[in-house]
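The structure appears below as structure tokens.
Protein chains in written order, with the numbering used here: chain E, 1 to 400; chain W, 1 to 400; chain F, 1 to 355; chain L, 1 to 355.
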């Protein structure tokens, strides 16, 4: 027995951020703070891309945080990327701010890992300096969450491919020069395995071949979400990423990071909402007494603070696992669920704390609330996370 | 013992709507159905008053449902008024539709009960035929929920009063010709009782004296919410309702009906959202199987249906009590809490059921969701309802 | 529309509540529960003539209907009084229609119970099989009042058809094993029939079981209502005497809001339960949906509110001496009794016309 | 950053879990609980040398710290093992610093406990008063392990200052009354001191109690984590064997989602508990807030998940024979033990800098 008993112990779990990480966090917060809530309110109302904000972060070199140094980036991991997007969101910029750069931060991962040297030299430095806007063309109306069901088809034609199909919920397509486009080069029914026969391209979003229609939506209106109608888009084979038919595998690598980054954005949004709620609770007086003195107001906010902290811990653990090359699907999905849940709840309670004023856009919590709601359905719904955990972690049988 | 034992019993509680009530319900639903979701989406996006809708209901004579017959109305009770607004909201018109006529339905209650014959003859028929739009000028930024704390002051000056002050969250002020305006004619600090010294007017909203500024808000955008800056508005004493100093009492009569009507609107909104969710669940197929077959989707919707039904029962009980001259504060407040809660939850679940599409305005649940959220804070927050019930029904001591 | 109970019903509720207060104060009930023998209460309940209330005169009852039964269930729960025998009987007795002898025996105190598991919706239990001689073999776990019933009404399949047959609990072919529940105010037993003799009952089995399901939903919901209402009373009382930091805890907004939310649930539950009772009694076409909503909503709220009450009481509520846990456990069991909310939600989902 | 326990700690957890499995399977534990005597377990726990794990060597412990204690708490709860004595001791023992004799006795099995109510945050309990002769008089309800402790560490006020004094539980001036809890794996007693003799303890009382509060929060949260993790295991196992309508209930989305939500809570709880443990152990300036968040969040989630587990089990979970209720009651008590979430939320609200 004694053998198993611990003697004097060293520090156990070290939850401290590294100095680099603390510096990143601080610097990002300071830069983001230059763009206040009024800026975001105006951009959201005008449905206008936050160019000034985006350029400031490009100038600061932040867009290349995860890009390898040989292409002008800093080569940091998901942990740092998550800190960046969390702070950007927490500044009050929320999803408008995060989505304006989200893809630049990690969307190029498949290109970095599987792209040709030429493709990388041509694109990555322009991503880093902010000159190149790219959108992510994966989701399709018919495919639901099973990406293997997409039908957008790339037909080989000499040195080119000719692509036809339809995509939906493509963020920032309006503002993008290029698209990271997932297609089928073998039809679902002809593929040996359902995950075979998908091919990924990084190519120009040629407006003469691609009709881009923005979707009217409830929030995050500074960055467009679009439907794409692709009609005979001709793409040189050189724009293909990696091998033909391997596209699904390339995308798959990015799923967990994607969930962690969205979790970070939800977390930041919750922090922003909570900050507003506390400020209002302290400033707003009714009968000479700040409403923040009411338990009925304090407890829900205290609970939200604790929930956000808990969600943050799971997120940090997930990014730490990923950056250390360990399996993290369980933690990444749990973090997405917890952060989206805690973030929305904080926004909802912040709105409630403001009473009638919460409904007015001028207090900004309404904007946070509209944006936070998105994260419970995108990039995948909370129910899908539960399905994943139930099936793949608890090994429960297939659902009815 | 036997004496107390029931012998053969007659029908006990009769929950059936009367024939009149069923007819009203049906007729309203049919008329409202002429204005579809696209109509409301367009009005909401354009921030445009639903004139066509309003006039259709005016032509149908519905605006006078509670107005006494001698003034052109039908003299029905709150039960019928609640059915009307519930169906209007449930049609998909939601709060935009309900708010366009809300005040015409019951807002004139103080005038009917306490107003001069002249005031009634002059205004009520025009309310009924829809020609006269009125808004309700009570809420003030400084007063919170304690109406006695308002400071808008009406100074007597010969046969007139001269009014100065500020109001907030005044629905439909932009579109209104007149305002039902609550003022103080004795300052709070000079009043014997805090509820004394308030005086109510029904007068013209003279744009040269009243600056009306719409509030940018999260939803219900077809009907404006406004701040009013009143600067030396001169009002003839003839526009005063009842006695000077008794205004608070006149308003008080209307509080419970107000809560019941808002509850009905929340209930209708929940029904509309649930209908959409069910339709989408049945239509939307993933892998050749309607998503409505998933328990994970079915149970929350089933639960929402049951909650809405429960809330409806409490609401019916409350309106029945009111129309039968019985105390109903407990039931009216409970109904407001339950309906706002169930209505928002149904909207939230409907949005979730739609997955990504729920976030798009084109599926309308996003609009319901934005509107349903309002009812958890207006006309009073859920927390205030709980405070009321805790203090006045459970007789718990004053809060800290 | 008409939104109140009749004076007669109010009078009945009051009289029954008074009777319970006299015959079964909690101090006495605790004695019965600890000794695991509630027969004293049950015989007194029969002797004082309450057993037939809410049962049609055609069934040798005293008239009245489901609303009276719901009032009875609510009061029994409010008193934490034993009720397995009563509930089992009122659910099973319609199966004895036309059998004057059995009905007389039943209201004389010989409990009759449906031989179905206590945790399923009565009409979804798997029927047993009858052989040519009318002997029945099969095992049914967790039968409400299964340990004390004198007779069982057994859903069985005969030539492919669902029928109800009567088995004498004292038949040699009947073995039963009491199962202890956390809530001791109700009792169940596993019952095994080993070629037990049975006689036919001349009622439409399908119909009787369907009615039993709807009635069970309403009565268990009424039980949860009674338990919750009582827990709210206890929590409010407590919060008016117990002080913290020198002030009554009832003055803390968090406490006040929690209590008010319980009140909201009780208010809603009362409307839902009596609406469903009237709807089932009046054979409204949607009666089953109304009953399902009552069962799913009210028992789920009961569980929620039981936790609130426990939290409002603090540690005192966790002590054996305090009465709260009697109602707490009762509310918890009500959630499962005669089908958990999820099972009733299935029914409601059908009402939604979801595929 | 570094996100895993050390190999040593994992080895310890495993070894302790194995020991529990061998010495205290549920069948044995149930026997102890029914006979209301857990001393057999407690002496074996001491004899096999677990008592000093996580206690500094300066206190005659075996080293390690709050993380090891949290691992111990989690495993004790996962096994539904008696833990009142252990918890009381690890919270009180720092008060004996420098008293080699008492420390030796303590780890020899003579339980020492703080004389504070089990349901308040330890450092918020009202101190008793000491007379000139050092005699203490006063009543303290619901003391953890109050019925079995050999010594009490008593927060007292002496010349306006908070001090800790030691009272021998066998002193004539000490009267104690056991209070039965619904969760029998923990025990409390009301303790009355009637001019009980006491001796001073040479520690900073305020500091010791503040530490005790933070440690209590972490350890009760760890207990809730262990109980919840075990309930999740039980629910998942059950849903993989139990069939309904011919399919495993685990395949119903409603069941799957409920179980997955429990998993999410457990995942979060584990991060929160061990983060708080490390934070308190490392005397992080925000340590108390971290501990408060752990107590408030994890024990509240435990209650939520206990209900989910019960629902997933259906009626079977309500039967005395089934083990679920042991963990269910444990999770419920953890919510109240050492301060309900509301009390800890007060602390967190301060952290929000709300007025």
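Glycine included, every Cβ here is placed at the ideal spot set by N, Cα and C.
Being a predicted model, the structure only gives us computed values, none of them experimental.
Taking a C-beta cut-off of 7 Å against chain F, the contacting residues of the region 238-272 of chain L are 254, listed in chain order. For residue 174/F, the uninterrupted beta strand (DSSP E) segment begins and ends at 174-179. Under the 8 Å criterion on CB atoms, residue 170/L is classed as non-interfacial with respect to chain E. Within the region 172-226 of chain L, no alpha helix (DSSP H) run of at least 4 residues lies entirely inside it.
Those residues of the region 290-322 of chain W placed with their C-beta closer than 7 Å to a C-beta in chain L are 294, 295, 296, 299, ordered along the chain. If you ignore the 5 residues before and after residue 76/F, its C-beta comes within less than 6 Å of the C-beta of 83, all in its own chain and listed in chain order. In this structure, residue 172/W places its C-beta atom within 8 Å of the C-beta atom of residue 223/W. Residue pairing by DSSP places residue 129/L opposite 137/L, 157/L in a beta bridge.
A direct Cα-Cα distance of roughly 34 Å separates residue 185/F from residue 175/L. According to the DSSP assignment, residue 232/W belongs to the beta strand (DSSP E) that extends over 225-236. No residue range can be given for residue 111/L, since it is assigned to no alpha helix (DSSP H) and is classified by DSSP as neither H nor E. At a C-beta separation below 9 Å, residue 319/L has these neighbours in chain F: 142, 179, 180, 181, 182, 188. Annotation note: the region 5-49 of chain F contains no uninterrupted beta strand (DSSP E) run of length 3 or greater. Assignment of residue 155/E by DSSP, reduced to helix, strand and coil, places it in the strand class. The alpha-carbon separation between residue 246/F and residue 76/E amounts to approximately 55 Å.
Closer than 8 Å to the CB of residue 397/W there is at least one CB belonging to chain F. C-alpha of residue 127/E to C-alpha of residue 62/E: approximately 10 Å in a straight line. Look at the region 311-376 of chain W and you find these whole runs of alpha helix (DSSP H), each 4 residues long or longer: 329-353, 365-374. Under the three-state reduction of DSSP output, residue 299/F falls in the helix class. For residue 275/F, a Cβ of chain W is located within less than 8 Å of the residue's own Cβ.
A direct Cα-Cα distance of roughly 22 Å separates residue 73/E from residue 316/E. Cβ-Cβ separation between residue 85/L and residue 106/L: approximately 11 Å, too far for a contact (criterion under 8 Å). For the region 132-165 of chain L, the residues whose beta carbon sits under 7 Å from a beta carbon of chain F are, in order, 142. Fully enclosed alpha helix (DSSP H) runs of no fewer than 4 residues occupy 66-78, 84-92 of the region 57-106 of chain F, in order along the chain.
Residue environment: residue 52/W is assigned as exposed (fewer than 16 neighbouring CB atoms within 10 Å of its CB, all protein chains considered).
Here the C-alpha atom of residue 216/F lies approximately 15 Å from the C-alpha atom of residue 347/F. The DSSP assignment places complete beta strand (DSSP E) segments of no fewer than 3 residues inside the region 123-151 of chain E at 134-137, in order along the chain. DSSP places residue 167/E in no alpha helix (DSSP H) but in the uninterrupted beta strand (DSSP E) bounded by 160-171.
Not a single C-beta of chain L is nearer than 8 Å to the C-beta of residue 31/F. Going by beta carbons, residue 85/E and residue 265/E fall inside the 8 Å limit. Apart from the 5 residues on each side of it in sequence, residue 115/E sits with its Cβ closer than 6 Å to the Cβ of 241 in its chain, given in chain order. Distances from the alpha-carbon of residue 157/L to those of 151/L, 181/L, 125/L put 125/L closest. Within chain L, the residues whose beta carbon sits less than 7 Å from that of residue 278/E are 352, 353, 354, listed in sequence order. Here the region 192-205 of chain F lies against the region 158-173 of chain F, with 3 or more beta-carbon pairs under 8 Å apart. Measuring C-alpha to C-alpha distances from residue 340/F to each of 311/L, 144/L, 23/L identifies 311/L as the nearest.
With its beta carbon less than 8 Å from one in chain E, residue 297/L belongs to the interface.
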